[in-house]
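Asker: One structure follows; several queries about it will come next.
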Amino acid sequence: MSVWFLVKCMSNIPAIEQLIPHDSPMIFIDHAIDIQDESVHCQVTIGENNPFFDTISGTLPAYVGLEFMAQTIAAWSGFRALQSGEKPSIGFLLGSRRYQASCDTFAQGQLLDIYAQKVMEDHAMGMAVFSAQIENRGEQLAQCQLNVYLPSTATLQQMKLRSQR
Numbered sequence: 005m006s007v008w009f010l011v012k013c014m015s016n017i018p019a020i021e022q023l024i025p026h027d028s029p030m031i032f033i034d035h036a037i038d039i040q041d042e043s044v045h046c047q048v049t050i051g052e053n054n055p056f057f058d059t060i061s062g063t064l065p066a067y068v069g070l071e072f073m074a075q076t077i078a079a080w081s082g083f084r085a086l087q088s089g090e091k092p093s094i095g096f097l098l099g100s101r102r103y104q105a106s107c108d109t110f111a112q113g114q115l116l117d118i119y120a121q122k123v124m125e126d127h128a129m130g131m132a133v134f135s136a137q138i139e140n141r142g143e144q145l146a147q148c149q150l151n152v153y154l155p156s157t158a159t160l161q162q163m164k165l166r167s168q169r
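Numbering follows the numbering used here, in which position 60 of the sequence shown is assigned residue number 64; successive positions increment by one, without gaps.
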């Protein structure tokens, strides 16, 4: 029995599919380990299930780490929504600053820990800034700052109407 399985059985964190509004194969992270008021920790094991995985080299480009970070933040947001009795909603990655990776690729079988810490949040505007990093066995492999937007239900409806014109 894996350590992750034991932790999951003892935690109140739902499966990642319940936290982020994505469907397979676009769910890139495996599970949430810890979600706090201002931080989140998720994990992924690099493998062929990721659509960007290169089966010839057995690697995944390190720039995909940006999406790992974004989905980790989405898991944090989805968990907060579920705690409020709401359904996890779609959010947007507005931008990233200073994405720095110490490697070009992530190797097959590599277990990555993705951490994100809220730097600031404007509830009225639905905007937030997170500092995020990716580690493998305690060694930092990538870091950056992400700007995210979680529109209100009314704003999402307006966006939907505009896109149907």
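In this text, a Cβ means the ideal position worked out from N, Cα and C, and glycines have one as well.
With C-beta atoms as the reference, is residue 152 less than 8 Å away from residue 135?
Answerer: In this structure, residue 135 does not lie closer than 8 Å to residue 152 by Cβ.
Asker: Going by Cα to Cα distance, which pick from 157, 139 and 125 is closest to residue 133?
Answerer: Of 157, 139 and 125, the residue nearest in Cα terms is 125.
Asker: Output the distance between the C-alpha atoms of residue 34 and residue 22, rounded to the nearest integer angstrom.
Answerer: Answer to the nearest angstrom: the Cα atoms are 12 Å apart.
Asker: What do you get for residue 73, buried or exposed, if any count of 16 or more other CB atoms within 10 angstroms of its CB means buried?
Answerer: Under this definition residue 73 is a buried residue.
Asker: So, with DSSP's three-state summary, where would you put residue 118?
Answerer: The answer is strand: DSSP assigns residue 118 an E or B state.
Asker: For the alpha helix (DSSP H) that residue 81 lies in, which residues bound it at each end?
Answerer: From DSSP, the alpha helix (DSSP H) with residue 81 extends over 69-87.
Asker: With a cut-off of 8 Å on the beta carbons, I'd call residue 44 and residue 120 a contact; round off their distance for me.
Answerer: Right, their Cβ atoms sit about 5 Å apart.
Asker: Would residue 89 be called buried (16 or more neighbouring beta carbons within 10 Å of its own) or exposed?
Answerer: Burial call: exposed.
Asker: Answer with buried or exposed for residue 37, where buried requires no fewer than 16 other C-beta atoms within 10 angstroms of its C-beta.
Answerer: It is buried - the Cβ of residue 37 has at least 16 other Cβ atoms within 10 Å.
Asker: If you drop the 5 nearest sequence neighbours on each side, which residues of the same chain put their C-beta closer than 8 Å to that of residue 55?
Answerer: Cβ within range, chain order: 29 and 30.
Asker: Nearest-angstrom Cα distance between residue 114 and residue 83?
Answerer: Computed Cα separation, rounded: 26 Å.
Asker: Measuring CA to CA, which of 158, 127, 118 and 40 is closest to residue 147?
Answerer: Measuring from the Cα of residue 147, the nearest candidate turns out to be 118.
Asker: Where residue 40 and residue 62 are concerned, what is the direct C-alpha to C-alpha distance, given to the nearest angstrom?
Answerer: Taking the straight line from one Cα to the other gives about 34 Å.
Asker: Under the rule that 16 or more other beta-carbon atoms within 10 Å means buried, what is residue 154, buried or exposed?
Answerer: Buried, since its Cβ has 16 or more Cβ neighbours within 10 Å.
Asker: Please report how far the alpha carbon of residue 60 lies from the alpha carbon of residue 66, in whole angstroms.
Answerer: For residue 60 and residue 66, the distance between alpha carbons rounds to 16 Å.
Asker: Would you decide whether residue 145 is buried or exposed? Buried here means 16 or more other CB atoms lie within 10 Å of its CB.
Answerer: Residue 145 comes out buried.
Asker: Give every residue of the same chain whose Cβ lies closer than 7 Å to the Cβ of residue 97, excluding the five residues on either side of it in the sequence, and list them in chain order.
Answerer: 74, 150 and 152, listed in sequence order.
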